[in-house]
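In terms of this note's numbering, the sequence shown is numbered consecutively and its last residue is 1281.
Following: one structure in structure tokens, then a few remarks.
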Amino acid sequence: MRIVSHRKLVDFYRIYPNSKMPLEQWYLQTKQANWKNFADIKKDFNAVDGVGNQRYVFNIKGNEYRLVVIIQFTHGYIYIRFVGKHSDYNKINCLTI
């Protein structure tokens, strides 16, 4: 999968260093994936939910952090829309970011 933009992850884990390892693990595993549908994602990441409008929410580091992405399966692209603490995630609308 092609991931846009890794920079958002780096910017986040510079502020929250304990998120670096799990975010980089997600990035490396996802970059090597070839997902065609939600079931493919679930095989790699059990802690993911589809929330509609091509958006998927990954629980990172035991749900301490959340990662919201848009996945375009037909093109193999993933767009990082939000990375943040769980408490910050509760303040956003996943379907509009």
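For every residue, glycine included, the Cβ atom is placed at its ideal position computed from N, Cα and C.
For residue 1197, the enclosing alpha helix (DSSP H) has its first and last residue at 1190-1199. Counting C-beta atoms within 10 angstroms of its own C-beta, residue 1212 has fewer than 16 neighbours from the protein chains shown and is therefore classed as exposed. Around the beta carbon of residue 1191, fewer than 16 other beta carbons lie within 10 angstroms, which makes this residue exposed. According to the DSSP assignment, residue 1266 belongs to the beta strand (DSSP E) that extends over 1261-1269.
Burial is judged here by how many other beta carbons sit within 10 angstroms of a residue's own beta carbon; residue 1236 has fewer than 16 and is exposed. Between the C-alpha atoms of residue 1225 and residue 1217 there is a straight-line separation of about 9 Å. In the displayed model, residue 1257 falls within coil according to three-state DSSP, outside both helix and strand.
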